[in-house]
Structure formats: C-alpha cells, structure tokens
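Numbering (the working numbering), first residue to last: 39 to 103. Beta carbons are placed, not taken as given, at the ideal position from N, Cα and C, and that holds for glycine.
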C-alpha cells in the first residue's frame with residue numbers, strides 16, 4: 039500500500055488530550071491528504087489538509103478539548 043497512517047486509530051479520554059499521527063507516503067509521487075471530523079466542537083485536527091512528498095511523511099495532531 040502506498041500510504042499508511044501510524045497509529046491508525048485515535049484514542050482520547052473525555053477529559054481531553056492529544057494524539058500524534060504520521061502519514062507515510064511510500065509512493066514515488068506527491069500526495070495530498072485531508073482529515074475530516076464530524077464533531078468540531080470537541081475535536082481539532084492540525085493540519086487538516088496538506089501534501090506529503092514522495093517517500094515522505096507528515097505529522098498530524100488530533101486534539102480533544
């Protein structure tokens with residue numbers, strides 16, 4: 039598979055917290071990503087979209103308030 043996310047799931051307590059994820063692009067082409075959430079009152083994603091260079095990775099932070 040040319041793309042992977044590590045860790046693949048988010049587990050945050052109701053009290054709040056942060057979770058860091060790496061998006062890996064194992065292909066030879068640049069790719070774009072977009073993270074959509076349904077509960078924007080409690081959760082934030084930074085960055086919510088971006089690019090990952092060929093054979094590169096991007097870090098995404100999920101925060102629960």
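For residue i, which residues does DSSP report across the bridge?
| i | result |
| --- | --- |
| residue 60 | 44, 97 |
| residue 82 | 101 |
| residue 90 | 69 |
| residue 54 | None, per the DSSP bridge assignment. |
With a 10 Å radius around its C-beta and 16 neighbouring C-beta atoms as the bar for buried, classify residue i as buried or exposed.
| i | result |
| --- | --- |
| residue 63 | buried |
Below 6 Å CB to CB, which residues in the same chain sit around residue i once its five sequence neighbours on both sides are set aside?
| i | result |
| --- | --- |
| residue 54 | 102, 103 |
| residue 40 | 64, 65 |
| residue 96 | 61, 88, 90 |
Is residue i near the ligand GDP - that is, is its Cβ less than 7 Å away from at least one heavy atom of it?
| i | result |
| --- | --- |
| residue 70 | Summarising the ligand content, the structure contains no ligands, and the ligand GDP is consequently not present. |
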